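All you need for our numbering is the position in the sequence shown, starting with 1, plus 232.
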Amino acid sequence: MNFGVKRQYCWLITAVSLICLDTFLSPVKAEISKVKQEINKVSFNYEPLTNTWNYQDLQKKIEKEKTIELLIADFNLLNSSELVPDQTIKLDDRTEQYEILSSYILPKFKNPTAHTKQIANPNEIEKNIATKSVNSFDKKRQGNTDFLLADEPLPPSQQGLFWNPARPDSHAPIAVMGEHIHSEGEIMVSYRYMLMEMEGSLVGVDDISNEKILEQYPVTPTRMTMQMHMFGMMYGITNNLTLMAMLPYVVKDMDHITRMNTSFNTDSEGIGDIKVTGLYQVLNENRQRIHFNAGVSFPTGSIEARDRTPAGPDQLLPYPMQLGSGTLDLHPGITYLGQTDEWSWGSQIIGTLRLGTNSNSYKFGDQIMVTAWGARKWSDWASTSLRIKGKNWGNISGQDTRLNPNIVPTADPTRRGGTQIDIGFGLNLFVPEGDLRSGRLAIEFELPIYRALQGPQLETDWQLTAGLQFSF
Ligand SMILES: [Cu+2]
């Protein structure tokens, strides 16, 4: 493949699109930082004694353990002179009563004495503050390697306020990509295996038999399997910008029958189109996140895949058996995530825009994918998910003149478009502690509930995705 000229073109487009994105985002960024400052101003006043602690959790803990072992991260926000046992503290315009304990401050419970002990010496409190105030994010910044692990749980002061990355369901169902970002300096490596099975053909929403197709074409595909080994890497450049790179290895296999009632098989395999995506977070408030996805894929996958067919030993394979698009493709998108203590949800829209025409004089149709999911966290390490995904993709424009569209439907550029809606069932496993901490194993099974194809075109029956992810 002649890649030399194209590469410069690729880099130029990437640079221009990143500059455009940054320009486009700068007023948004300014607005968001203004809002954030406002929020910080308010929460600085309230947080130490209100939001910082989840009252319900503390109460539960007291019920359970009869003692209190929590450390409060933002202790130092309080003026130590205020730390007098059993006093009333006035903050801003709010007045509430708090219990002062050996190293904590608790809201004044209705009947606290059974479970809590008061201390009389404020100096002791001060000493505890100095030695025990823990904020893992601060430690991380100081280079304490104990905290240099990814998927860092939120410090107590931020729990209930911000989206928490250290959960099984903090990653979307495994077939969704680019749905989370990383903290500055974090690296994640991943491997996904995808298996897609297609059998039988559709015209619009209706089934069409192979016999019927053979009345029109001398050859028809009957079945196709697509496997993909996807190697991924993510790197947190800043807390708001993550870079993601994906290298797919594609294996395709297609069965055919001919009008003469003979059957034959073709296959193709090799690397697909390498994709690089910038994920830029624009919101992280109130246990919700939004980021933009700015992806570019490069024409590294072959569009010259060949195999033996009845026409000869080394024939160019039709469009769906090729490994890449042959074009530089943009993948713009937006992702939204939300959480409660036990549930999480998210949605993502990603487009695929083909730039120009490939070296074989055609381009694949543009594509739009919309998905939304909900997940239930059953424990620190397991969650299940239900997802819906809609996808629409266009026909091929132009054509590879070496392929005769009258021989087989897969060689016809006007029989490639379609719409499909799938339901996905997923399981996410997460290692919250220990040597394999932050390791993830996940699986998702997708079944179509609606398919409308510009056919005759092979229909997708199911898709399985399994993946491993590891952050450090
Ligand atoms: Cu990641």
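Just so it is clear, CB atoms sit at the ideal spot from N, CA and C, and this is done for glycine as well. Quick caveat, the model's predicted, so the values are computed rather than measured.
Name the residue from Tyr-568, Ser-617, Ala-604 and Glu-447 whose alpha carbon lies nearest to the alpha carbon of Trp-575.
Ser-617
Compute the Euclidean distance between the alpha carbons of Pro-545 and Ser-258, then round it to the nearest angstrom.
56 Å
Relative to the alpha-carbon of Val-248, which residue among Ser-433, Gly-527 and Met-492 has its alpha-carbon at the smallest distance?
Gly-527
What number of angstroms, rounded off, separates the C-alpha of Ala-643 from the C-alpha of Pro-453?
11 Å
Which residues, in chain order, sit with a beta-carbon under 5 Å away from any heavy atom of ligand 1?
Met-420 and Met-466
Count the other CB atoms, across all protein chains shown, that sit within 10 Å of the CB of Arg-619; report buried if there are 16 or more and exposed otherwise.
buried
Which of the three DSSP states is assigned to Pro-645 in this structure?
coil
For my contact list, His-403 and Gln-701 are in at a C-beta cut-off of 8 Å; report their separation, rounded to the angstrom.
7 Å
To which residues does DSSP link Asp-487 through a beta bridge?
Arg-455 and Asn-497
Locate the beta strand (DSSP E) running through Gln-652, then write down its first and last residues.
650 to 662
Residue range of the alpha helix (DSSP H) that Asn-442 falls in?
442 to 448
Span separating the alpha-carbon of Ser-529 from that of Val-435
30 Å
Glu-431 and Lys-399 - do their beta-carbons sit closer together than 7 Å?
Looking at the sequence shown, residue 399 is not Lys but Arg. Not in contact: Arg-399 and Glu-431 (Cβ atoms no closer than 7 Å).
In whole angstroms, what is the alpha-carbon distance linking His-563 and Gln-599?
9 Å
Quick test of your reading: Ser-557 and Pro-531, contact by CB under 8 Å. State the CB separation rounded to the nearest angstrom.
6 Å
Looking only at its own chain, which residues have a Cβ that is under 6 Å from the Cβ of Met-466, when we skip the five neighbours before and after it?
His-414, Met-420, Thr-474 and Met-476
Through-space distance from Ser-433 to Val-451, alpha-carbon basis:
13 Å
Return the bridge partner residues of Trp-605 from the DSSP annotation.
Gly-578 and Arg-619
By the three-class DSSP mapping on this structure, what secondary structure does Leu-696 have?
strand
Beta-ladder partner(s) of Tyr-551, from DSSP
According to DSSP, Tyr-551 bridges with nothing at all.
With 16 other CB atoms within 10 Å as the buried threshold, where does Tyr-449 fall?
buried
Proximity winner among Ile-506, Met-486 and Gln-686, relative to Gly-533 (alpha-carbon distances)
Ile-506
For Arg-538, which residues of its own chain have a beta-carbon under 7 Å away from its beta-carbon, when the five flanking residues on both sides are left out?
Asp-546, Gln-547, Leu-548 and Leu-549
Thinking just about the alpha-carbon of each residue, which of Leu-585, Trp-395, Asp-438 and Ser-703 is nearest to the one in Asp-667?
Ser-703
When you compare only the Cα positions, how much space is there between Gln-686 and Ala-607?
34 Å
Out of Ser-422, Ile-681 and Ala-543, point me to the one whose CA is closest to Pro-480's CA.
Ser-422
Use the C-beta contact count for Ser-615: other C-beta atoms within 10 angstroms, 16 or more gives buried, fewer gives exposed.
buried
Buried or exposed: Glu-279, going by 16 or more other Cβ atoms within 10 Å of its Cβ?
Its pLDDT being 30, under 50, Glu-279 is placed unreliably in this model, and the value from its coordinates should be taken loosely. Answer is buried; the Cβ neighbour count reaches 16.
Under 7 Å Cβ to Cβ from Glu-429, same chain only, skipping five residues before and after it: list those, please.
Thr-457, Asp-693 and Trp-694
Near Arg-634, which residues of its chain fall below 7 Å by C-beta distance, leaving aside the five closest residues on each side in sequence?
Leu-548
Report the three-state DSSP secondary structure of Pro-397 (helix, strand or coil).
coil
Sequence-distant residues of the same chain with beta carbon closer than 6 Å to Leu-696, five excluded per side
Leu-427 and Phe-677
If you reduce the DSSP assignment to three classes, tell me which class Gln-288 lands in.
Only weak support exists for where Gln-288 lies, its pLDDT of 46 falling under 50; the coordinates are left without a value.
Distance check for Ile-469 and Glu-691, CA to CA, integer angstroms please.
41 Å
Determine the direct distance from the alpha carbon of Leu-679 to that of Arg-424, and round the result to whole angstroms.
18 Å
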